[in-house]
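For reference, the structure is listed below as structure tokens.
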Amino acid sequence: MNTRSIIFIIILLIIPYFIQVLCRRISFFNFIGSVIACFLLGLLLGNFVPSFLFDKSAVKSFYEILVPLGIVMMLLTTDISKWLKASLKTLFAYVLQVGSVVIAAICSFFVFRGHLTGLPDITGMLSATYIGGTPNMSAVKIALGSSEDLFAEVFIADMVASSIYLIFIMVFAGRIFRHLLPSFTVSSTSVKEESNDKVLFSSLSLLKRMRNVTISIIIALIVTFFPIVLHKIFLDRSEPINMVFLMLSITVFAILLSFIKPIRIMPGSFEAGDYLFNIFFLSLGTLVSFKDIITINTTLLFYTSCILYGSFLLHFLFVWIFKIDRDTFILTSVAGIMSPPFIPAVASALKNKAIIVPAMVASIGGLALGNFIGIILATILSKYI
């Protein structure tokens, strides 16, 4: 790695901080979210910064390290007991969301089979994304060994489809579904609102923030390298570690560590993990050319839309059958299809803050579920190609 590449990577490490500041202060950036903003800025850097100033292979090696570390940090904050104690109605609605994604993904797979290359991997990545979030797409991509080009195409297709979904949710969903589903009642949630970890983290001194983030990184490194050490000790040392084994192992170990309260409630783990994924998508953007976007695979975009919108319609059908209220339906849909940061914004649009906590709990739980379901689906469906 040359000096220019090192400087470029340092710049990539710093930029997401300013993106996150813009997201907090400017409504437009807050609306599109830091992940998309980072990807778009990375796209500009990758297409307008002369290629001799940075080594793309070095950037690729750099960002691949970030994914397992980011996944571990975000999962360390998962409160499984709270997830199970959350409003039964909210939890049930989220389970219906997960089931809807699986059904839509399987049906879409058999309809599009033979029309797209790498369809099992695509299905696994999209399913994981719409159950957990964008970090799961990265994790499943690494676990399955999918190509960089395929991952970039899937991410762009998801970005387009998800943007349309988010606009619909923010502007139209509340008005449409209030005529089709029951109204929300306070009894629909049993989880009291708590202080937000981001508020707690922002209130800490700089020294304490640095301490917490350092501890989180150390824990994430231990969790990430522990399966690798086990592989070297008990299996063939000459063989590279199976990435499916690695991603599932770190998911399980991170969840187990989340039962240790001091680790789980330590402010900064989720924020640090989120920051690493901002760096990841900024880095990914530098490797994508405008030509890739202009020549977007319309079949892939249609396939992505079938899974996303198909699962949304199935989810609505299920909640309608079980008479679940409008706000619980919309928030659990956002919890799965989007990610935790979008929940407060949508709850604000619905003028209902009472369901934020259980929806956030469900969404963070989905980060754990997404890896398992995405990898399992891709593995099973690969046998039908």
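My numbering puts the first residue of the sequence shown at 630, with every later residue one more than the last. Ideal Cβ placement from N, Cα and C applies to all residues, glycine included.
Starting from the C-beta of residue i, find all residues in its chain whose C-beta is less than 6 Å away, skip the five residues before and the five after it, and write them out in chain order.
i    : result
G747 : L779
S634 : F683, D684, A687
Q649 : S663
S623 : It is not possible to answer for residue 623, since the shown part of the chain is limited to 630 through 1014.
V727 : I760
A786 : L929, L930, T933
L955 : The sequence as given places Arg at residue 955; Leu does not occur at that position. F806, R807, L810.
A790 : T933, S934, L937
G902 : G699, M702, M703
Answer with buried or exposed for residue i, where buried requires no fewer than 16 other C-beta atoms within 10 angstroms of its C-beta.
i     : result
G753  : buried
F797  : exposed
K890  : exposed
V688  : buried
H744  : exposed
F951  : exposed
F899  : buried
M839  : exposed
Y646  : exposed
F677  : exposed
R654  : exposed
S834  : exposed
F657  : exposed
T933  : buried
S1021 : In the structure as shown, the chain starts at 630 and stops at 1014, and residue 1021 therefore has no counterpart that could be examined.
E822  : Confidence in E822 is poor, its pLDDT being 45 and thus under 50, which makes the residue's placement too unreliable to answer from.
K770  : buried
F863  : exposed
L717  : exposed
V963  : buried
F801  : exposed
L859  : exposed
S776  : exposed
Could you name the residues of the same chain whose beta carbon sits closer than 8 Å to that of residue i, not counting the 5 residues immediately before and after it, in chain order?
i    : result
M788 : I665, F668
K685 : T915, L916
K920 : none
L877 : A772, N1000, F1001, I1004
A781 : L913, L916, V917, D921
L642 : I908
Within the same chain, show all residues whose beta-carbon is closer than 7 Å to that of residue i, passing over the 5 residues directly before and after it, in chain order.
i    : result
L960 : I972, V975, A976, I984, A988
S940 : S729, V730, A733, Y759
F947 : L725, S729
K827 : A caution first: K827 carries a pLDDT of 44, below 50, which makes its placement in the model unreliable, though a value can still be read off. These residues qualify, in order along the chain: E900.
For residue i, decide whether its Cβ has a neighbour in chain C, counting only Cβ atoms nearer than 7 Å.
i    : result
L641 : Any reference to chain C falls outside this structure, which holds one protein chain only.
Considering only heavy atoms of the ligand COA, does any lie closer than 6 Å to the CB of residue i?
i    : result
F637 : With respect to the ligand COA, the structure shown offers nothing to examine, as it has no ligands at all.
query = Where in the stretch 635-721 do unbroken runs of the alpha helix (DSSP H), each at least 4 residues long, occur, reported from the N-terminal end onward?
reply = 656-661, 663-677, 685-704, 709-714
request  = For the stretch 787-807 and the stretch 729-744, state whether three or more C-beta atom pairs, one from each stretch, are separated by less than 8 Å.
outcome  = no
ask   = Does the stretch 846-865 touch the stretch 698-705, meaning 3 or more C-beta pairs lie closer than 8 Å?
value = yes
key: Segment contact, 8 Å Cβ cut-off, at least three pairs: the stretch 874-884 with the stretch 851-863   = yes
request  = Would you mind listing the alpha helix (DSSP H) stretches within the stretch 926-961 that are 4+ residues and don't spill past its ends, in chain order?
outcome  = 927-950
message = Under 8 Å: do the stretch 720-728 and the stretch 925-937 share three or more Cβ pairs, one atom per stretch?
response = no
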